[in-house]
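Using our numbering, read the sequence shown as starting at -8 and increasing by one per residue.
Don't be surprised by glycine CBs; every beta carbon is placed ideally from N, CA and C.
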Amino acid sequence: MKRRVLFIMDGMGGGGAERVLITLLGNIDPERFDVTLLLINRKGVYLNQIPSHVRVLGMYSRPGTPAYRLATHWRGIRDRLRLGRARRLLGDERFDVTVSFMEGAPARLHQLLLDRAPRNIAWIHTDIHRGRWYEFWHTQAAESAYYRSLDNVVFVSDDARRAFLEEFDTDAPLSVVLNPVDTDAIRHKAAQSASATAETRFTIVTIGRLIPLKRQQRLIGAARILKQRGHDFAVKIVGAGPLEAELRRAVDDAGVSDRVELTGFMANPFPTLAAADIFCLTSDVEGFGMVVAEALVLGVPVVSTPVTGVKEMLARGGGVFTDFSAESLADALERIMTRPDELARLRAEAAEAGARFDMGAIVEQVERLLS
């Protein structure tokens, strides 16, 4: 008999956790698992990529309306309304396993639905000690109680697990499951439309949602410094989000509109990534850094802030770390731009690091957790 699994997610926006979920849902054996995906917000660029064998339930289809914002503002009202909607969608259904696939809103809804399954699992994608962006959804006491009530807590890196233990305690087993990286699909997508990404200058690419935690402003600041030092290069900031207008103003204010391009969201960013000389991660906080893994698969070296997960991926080479300043970022990029031998070494290390990702082993580990 198939195991009935309920995944809870906020939405299917263009973030790393959403891409991970799409990859997992597409590789979990549908002959063994009957999967339902409960989305708080039925929206997002990855919505049409959910595999057809996954049943999708959406609580809200218009999350920007005044009524939605009002219902979301007060914790007590929000919890009652969201629980009511979830119960109407699920009816009397019971599952073998419920999984909240992200911190914040999905975790809080999961806490309200713990009675739906005898096994309950939470997935942690961030440094939960430093990156407490989700505090709006839980009180500290409720969040602590939630983690103590679970049967397993899954982390995308050892660093993410250690960060959790600085903040919470639980008797639940703590598992580390690396994000699955579909290396064949990435390479196939990277080979598409390669001519459209042609750039003769040294090219630096960053990919991610345009939100405060990603700190793309650091790369804009580094571009200003590099231009002042007389370097010719191109920066492509790939992604969409609420800070887009602010970042465009920052590009203009820094005087680097001839160097920096905000491309917007790309359904397939891999040709652009594969054509880059360097992938740059500027985040304050990460759990795994999915796009770093994707860069390594394509043999693209990485320059990154010292964030959780990425330190593990680059432990054997393929990139360099900076501190959290634009100056440090500019220094690292300048060193690589002006030293072809170092760039060649990093490329070779990146290709070797990218070969270590094993999709089959990771999916097998996930299926064992769900069994």
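Three-state secondary structure assigned by DSSP to ASN170: coil
Burial state of PRO57, where buried means 16 or more other Cβ atoms lie within 10 Å: exposed
Cβ pair count under 8 Å reaching 3, the stretch 249 to 257 against the stretch 277 to 297: no
Euclidean distance between Cα positions of ASP70 and HIS64: 10 Å
Helix, strand or coil at VAL242 according to DSSP, with G and I counted as helix: helix
Beta-carbon gap between THR161 and LEU272 smaller than 9 Å: no
For ASN143, the first and last residue of its enclosing beta strand (DSSP E): 143 to 146
Among THR130, VAL288 and THR296, nearest to PRO171 - alpha-carbon criterion: VAL288
Where ALA176 falls: helix, strand or coil (DSSP): helix
Contact with chain C by ARG99, beta-carbon distance below 9 Å: Among the chains of the structure shown, chain C does not appear; only one protein chain is present.
Three-state secondary structure (DSSP) of LEU234: coil
Closest Cα partner of VAL294 within the set ASP150, VAL147 and THR194: THR194
Closer than 8 Å: PRO331 CB and nearest the ligand SAH heavy atom: As for the ligand SAH, it is missing from this structure, which has no ligand bound.
Three CB pairs or more closer than 8 Å across the stretch 0 to 14 and the stretch 150 to 160: no
Cut-off 7 Å between Cβ atoms - residues of its own chain near THR14, not counting five sequence neighbours on either side: PRO171 and ASP173
Per DSSP, the bridge partner or partners of GLU252: LYS227
Terminal residues of the beta strand (DSSP E) in which MET50 lies: 46 to 51
ARG(-5) versus PHE24 - alpha carbon distance: 6 Å
TYR59 versus LEU104 - alpha carbon distance: 21 Å
Span separating the alpha-carbon of ALA321 from that of GLN207: 13 Å
Check whether ALA267 and MET304 have beta carbons under 9 Å apart: no
Residue burial classification, PRO97 (beta-carbon count within 10 angstroms, cutoff 16): buried
Runs of beta strand (DSSP E) wholly within the stretch 288 to 330 (minimum 3 residues, chain order): 293 to 295 and 310 to 312
Straight-line Cα distance separating LEU361 from LEU48: 20 Å
Residue environment, ALA182, which counts as buried when at least 16 other CB atoms sit within 10 Å: exposed
Three-state secondary structure (DSSP) of ALA77: helix
The stretch 211 to 226 / the stretch 338 to 352 touching (three or more Cβ pairs under 8 Å): no
Check whether VAL144 and ILE112 have beta carbons under 9 Å apart: yes
Rounded straight-line distance, which links the Cα of ASP150 to that of GLY95: 19 Å
According to DSSP, residues forming a beta bridge with MET0: LEU30
Exposure label - PRO260; buried when at least 16 CB within 10 Å: buried
In DSSP terms, what LEU165 is bridged to: VAL144
Through-space distance from ILE228 to LEU81, alpha-carbon basis: 40 Å
Residue nearest to LEU72 in terms of C-alpha spacing, selected from ILE31, ARG209 and ASP244: ILE31
Three-state secondary structure assigned by DSSP to LEU104: coil
Element boundaries [beta strand (DSSP E), containing VAL90]: 88 to 91
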